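2 protein chains.
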Amino acid sequence: MKVSPADLRKVVVFEKATDDDLQLILQNSIDRSIEEGGFFFFQGDVAEHLYVLTSGQVKLTQSNPTGQLVNLRTIYPWQMFGALGAVRAEAVYPANAEALEDSSALAIKSNFLRSMLETRPYLSFGLMNLMTSYIQEMQERYRELATERVEQRVANALIRLAGQSGVRAEKEAGIELSFSRQDVAEMTGTTLYTISRLLSEWERQGIIATGREKIRILKPHGLVRIAEGLEK
Amino acid sequence: MKVSPADLRKVVVFEKATDDDLQLILQNSIDRSIEEGGFFFFQGDVAEHLYVLTSGQVKLTQSNPTGQLVNLRTIYPWQMFGALGAVRAEAVYPANAEALEDSSALAIKSNFLRSMLETRPYLSFGLMNLMTSYIQEMQERYRELATERVEQRVANALIRLAGQSGVRAEKEAGIELSFSRQDVAEMTGTTLYTISRLLSEWERQGIIATGREKIRILKPHGLVRIAEGLEK
DNA sequence: CCCCGTCTTTGCGCTAGCGCAAATAAACAC
DNA sequence: GTGTTTATTTGCGCTAGCGCAAAGACGGGG
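What follows is the structure, encoded as structure tokens:
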């Protein structure tokens with residue numbers, strides 16, 4: 000995929016960059032395409048690049064010693080990922096980045112970006128903003144996991160996903176999400192089975208419609224009620 | 000508490016600051032003392048200051064709508080807290096900051112620090128480093144909470160605490176921690192009762208010694224084994 | 001030294017959620 | 001269209017961990 004400076008400005012962190020800077024970034028980047036199921040990087044790899052997704056979808060996961068996965072977030076085009084390595088030399092990626100579909104990304108050399116940070120405060124602010132929002136989201140999800148019941152966490156996850164990625168269908172009401180039961184389980188710290196049972200129940204209640212790797216939210220308000228723990 | 004520039008350099012983020020900068024920071028700060036049980040700030044307050052703890056201990060917590068708490072971390076002298084507000088104007092604190100004992104902190108105006116960031120790359124790097132380590136720790140704890148059993152999470156928490164705050168006693172072997180069962184429960188997303196049962200069991204096995212608001216780690220290796228899930 | 005408030009322990013019963021297993025359904029390849 | 005692979009559903013049994021309640025244990029204040 001051919002990326003223009005104008006494209007690059009769609010990346011929040013680069014919003015305020017000058018044209019020259021964008022040009023420079025492009026010159027210090029290469030294109031990487033990964034097919035569905037492949038990985039841009041693994042947890043523990045040395046973070047030599049940070050990425051801007053140009054097409055496709057990328058799932059960030061973290062694995063524990065026994066190989067069990069948790070789902071940290073999904074990346075959509077023009078979002079940055081692998082950026083934590085940009086800050087420290089010698090850093091390693093704290094997560095795996097798996098392509099959910101054939102995907103392309105611009106791989107920017109970490110060293111190069113780090114040197115740009117030295118003289119471009121707008122870039123540091125952009126990155127710090129990104130990091131701040133990550134921290135806040137992680138803290139929130141951590142609290143949810145620690146204090147809420149499975150139903151509430153799953154409802155919250157669907158609400159969050161709807162905000163991040165939901166496609167509002169034109170004719171039919173509803174926000175459509177493309178995630179498997181397994182994906183949702185990994186996002187909420189529960190199991191495939193429990194998710195299936197919950198979604199079935201909610202479908203019976205008319206709050207959502209389900210399909211293979213599809214969840215369509217029909218009554219967002221119903222989810223909000225569940226998330227707040229008002230049902231029970 | 001009277002703070003000197005030399006003191007301030009003990010703060011990791013300010014490590015590489017010039018003397019002039021440290022002086023400037025001091026001039027734009029005020030001292031705040033909070034007695035045990037009081038709060039430096041609450042979640043949701045506008046983040047007008049960021050803090051450097053000069054004495055005492057501060058617990059960062061997050062509360063949900065029903066008031067249930069989770070424990071994010073404990074801050075010790077010369078660590079920074081409330082820094083997320085430094086980045087964006089108008090930001091609110093994402094956590095509560097409670098004094099665990101009578102504590103003092105230097106309150107630095109967020110606006111001022113933000114303006115310094117514009118021209119001091121070393122400061123941005125320092126802050127980004129801090130944020131990066133937070134993100135990594137939160138991701139790790141999130142994964143633990145999602146995939147590990149209570150025993151493992153508690154063992155991990157004790158290990159982490161030992162690293163962050165543990166005082167190695169001189170004569171007697173062991174690393175001493177000062178936390179109540181309730182504190183540990185809030186850190187690991189479990190309950191007071193379960194913690195009590197676990198600690199009793201571990202004391203029986205000679206891995207730790209317990210007391211009122213005290214936990215002394217006698218055999219760190221035993222904890223590591225439990226954390227890895229090798230037991231049971 | 002005693003009182004009181006706070007922290008801790010432990011018995012007990014309960015249930016949310018796990019996870020196997022087997023059936024079913026949807027998509028895909030040829 | 002057929003066979004195969006992968007996702008989903010659901011019944012069933014089980015247990016880790018919750019949470020009440022009541023009884024200690026500790027420590028500080030007067």
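Chains as they are written, first to last, in numbering that gives the first Met the number 0: chain A, 0 to 231; chain E, 0 to 231.
Backbone N, C-alpha and C fix where the C-beta goes; we use that ideal spot for every residue, glycine too.
Remember, predicted model here, so these are calculated numbers, not experimental data.
Going by beta carbon distance, what residues of the same chain come within less than 7 angstroms of residue i, once the five residues before and after it are set aside?
i, result
"A104 (chain E)", "R31, F39, Y50, V51, L52, T53"
"H48 (chain A)", "G81, A106, I107, K108, S109"
"D44 (chain A)", "V91, Y92"
"N27 (chain A)", "I107, K108, F111"
"S195 (chain A)", "R180"
"E34 (chain E)", "A98, D101"
"L21 (chain E)", "P4, L7, R8, F13"
What in chain A is Cβ-close to residue i, meaning under 7 angstroms?
i, result
"Y141 (chain E)", "V69, M137, R140, Y141, L144"
Are the beta-carbon atoms of residue i and residue j separated by less than 8 angstroms?
i, j, result
"G173 (chain A)", "A98 (chain A)", "no"
"F41 (chain A)", "N95 (chain A)", "yes"
"L144 (chain A)", "Y92 (chain E)", "no"
"G55 (chain A)", "S3 (chain A)", "no"
"E185 (chain E)", "N63 (chain E)", "no"
"I134 (chain A)", "M130 (chain E)", "yes"
"L217 (chain A)", "I206 (chain A)", "yes"
Chain E beta carbons: is any one of them nearer than 8 angstroms to that of residue i?
i, result
"A104 (chain A)", "no"
"S123 (chain A)", "yes"
"Y238 (chain A)", "The structure shown does not extend to residue 238 (chain A), since chain A is modelled only from 0 through 231, so no value can be given for it."
"L126 (chain A)", "yes"
"A154 (chain A)", "no"
"A94 (chain A)", "yes"
"V117 (chain A)", "The question names Val, yet the displayed sequence has Glu at residue 117 (chain A). Yes, its Cβ sits closer than 8 angstroms to a Cβ of chain E."
"P64 (chain A)", "yes"
"E169 (chain A)", "Because E169 (chain A) sits at a pLDDT of 49, beneath the cut-off of 50, its placement in the model cannot be relied upon, and the following sentence gives the value as read from the coordinates. Output row for E169 (chain A): interface = no."
Write down the C-beta distance between residue i and residue j rounded to the nearest angstrom, noting that I regard them as a contact closer than 8 angstroms.
i, j, result
"A208 (chain A)", "I158 (chain A)", "A208 (chain A) to I158 (chain A), Cβ: 16 angstroms. No contact."
"L116 (chain A)", "P76 (chain E)", "That belief does not hold up - the Cβ atoms of L116 (chain A) and P76 (chain E) are roughly 29 angstroms apart, past 8 angstroms."
"M127 (chain E)", "L126 (chain A)", "6 angstroms"
"A154 (chain E)", "V183 (chain E)", "Contact flag wrong, Cβ pair sits at about 11 angstroms."
"Q67 (chain A)", "T146 (chain E)", "5 angstroms"
"V57 (chain A)", "I29 (chain A)", "Their Cβ separation, rounded to whole angstroms, is 17 angstroms, which puts V57 (chain A) and I29 (chain A) out of contact at 8 angstroms."
"L59 (chain A)", "R72 (chain A)", "5 angstroms"
Residue i versus chain E: which residues are under 8 angstroms apart at the beta carbon?
i, result
"T131 (chain A)", "L83, V86, R87, A90, M130"
"I134 (chain A)", "L83, P93, M130, Y133, I134, M137"
In chain A, which residues lie less than 8 angstroms from residue i when you measure between Cβ atoms?
i, result
"L23 (chain E)", "Simply none; closest approach about 17 angstroms."
Note down, in chain order, every chain E residue with its Cβ under 7 angstroms from the Cβ of residue i.
i, result
"Q61 (chain A)", "Q138, R142"
Take residue i and list the residues in its own chain whose beta-carbon comes closer than 6 angstroms to its own, dropping the five residues that flank it on each side.
i, result
"K15 (chain A)", "Y121"
"V11 (chain E)", "none"
"F13 (chain E)", "L7"
"W201 (chain E)", "I207"
"S123 (chain A)", "L116"
"Q204 (chain A)", "none"
Are the C-beta atoms of residue i and some chain A residue less than 8 angstroms apart?
i, result
"G188 (chain E)", "yes"
"L222 (chain E)", "no"
"E47 (chain E)", "no"
"L227 (chain E)", "Rather than Leu, the amino acid found at residue 227 (chain E) in this sequence is Glu. At least one chain A Cβ lies under 8 angstroms of E227 (chain E)."
"P120 (chain E)", "yes"
"K231 (chain E)", "For K231 (chain E), the predicted structure reports a pLDDT of 46, less than 50, and the residue's modelled location is therefore unreliable. A value from the coordinates is still provided. It does not; no Cβ of chain A falls within 8 angstroms."
Below 8 angstroms CB to CB, which residues in the same chain sit around residue i once its five sequence neighbours on both sides are set aside?
i, result
"R152 (chain E)", "E143, L144, T187, G188, T189"
"L23 (chain A)", "M115"
"L197 (chain A)", "V149, E150, V153"
"E169 (chain A)", "Low per-residue confidence applies at E169 (chain A): pLDDT is 49, beneath 50, and the placement is therefore not dependable, though the value from the model is reported in the following sentence. Cβ neighbours of E169 (chain A) beyond the five flanking positions: none."
"R113 (chain E)", "A85, V86, A88"
"P219 (chain A)", "I158, A161, I174"
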